[in-house]
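The numbers in full-length UniProt numbering rise by one with no breaks, and the one at position 90 of the sequence shown is 90.
In this text, a Cβ means the ideal position worked out from N, Cα and C, and glycines have one as well.
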Amino acid sequence: METWAGCALPTDRFYDLVADVWVKIEDSVARVGMTDVAQTRMGRLVQLSWKSPGRRVERGRPLAVLESAKWVGPMISPLTGVIRENNRVSFDADVAVANRDPYELGWFYVIEYSGDAELSELVSGDAAVEYYRELIDREGIQCFRCAE
Numbered sequence: 001m002e003t004w005a006g007c008a009l010p011t012d013r014f015y016d017l018v019a020d021v022w023v024k025i026e027d028s029v030a031r032v033g034m035t036d037v038a039q040t041r042m043g044r045l046v047q048l049s050w051k052s053p054g055r056r057v058e059r060g061r062p063l064a065v066l067e068s069a070k071w072v073g074p075m076i077s078p079l080t081g082v083i084r085e086n087n088r089v090s091f092d093a094d095v096a097v098a099n100r101d102p103y104e105l106g107w108f109y110v111i112e113y114s115g116d117a118e119l120s121e122l123v124s125g126d127a128a129v130e131y132y133r134e135l136i137d138r139e140g141i142q143c144f145r146c147a148e
């Protein structure tokens, strides 16, 4: 894992840079969450609306609606597939879990994705690190765990 301006940037996953979400491939499914940069920009998460397991999702379409004190908007799905699991139990216990730990405990969904074709549209970890370093420097972002 790399760190830049306090932002954690894991290299072991893929990224949808437009949606600011990460994808970690685990066997035949993809675990999905938001980046450290996304949680910093959004601020402390206060509420979210979930899609249920079994629901089909499309790449580029809303996967959830996130609400913070300063922002309300969609979390965009990086892949097409079927939701196999959501992390609602963790978020019900601590709504800001993604602010504290965006890459491990704060994941949102496990998606059984439709095939490897869409993976080629995502950016690998090393390339994403370069992108986020430039973005962080250009926009003066300093990541922090706002829920601590």
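Boundaries of the alpha helix (DSSP H) harbouring Ile136: Gly125 to Glu139, taken from the DSSP string. Taking the CA atoms as reference points, Ser68 sits about 10 Å from Arg41.
Residue environment for Met75: buried (at least 16 other C-beta atoms within 10 angstroms of its C-beta). For Asp101, the closest alpha carbon among the candidates Ser28, Val29 and Val37 is that of Val37. Cβ neighbours of Ala98 within its own chain (closer than 7 Å, five residues either side excluded): Gly33, Met34, Gln39, Leu45 and Gly106. When the alpha-carbon of Thr11 is set against those of Leu122, Cys143 and Ala96, the nearest one is in Leu122.
Shown here, Glu104 sits in coil according to DSSP, grouped into three states, outside any helix or strand.
About 12 Å separates the beta carbons of Val110 and Arg88, which is beyond the 8 Å limit, so they are not a contact pair. Within the model, the alpha-carbon separation for Pro78 versus Gln47 is close to 21 Å. Contact check for Tyr15 against Ala117 fails: the beta carbons are separated by 8 Å or more. For Ser90, no beta strand (DSSP E) encloses it; the enclosing alpha helix (DSSP H) starts and ends at Arg88 to Ala93.
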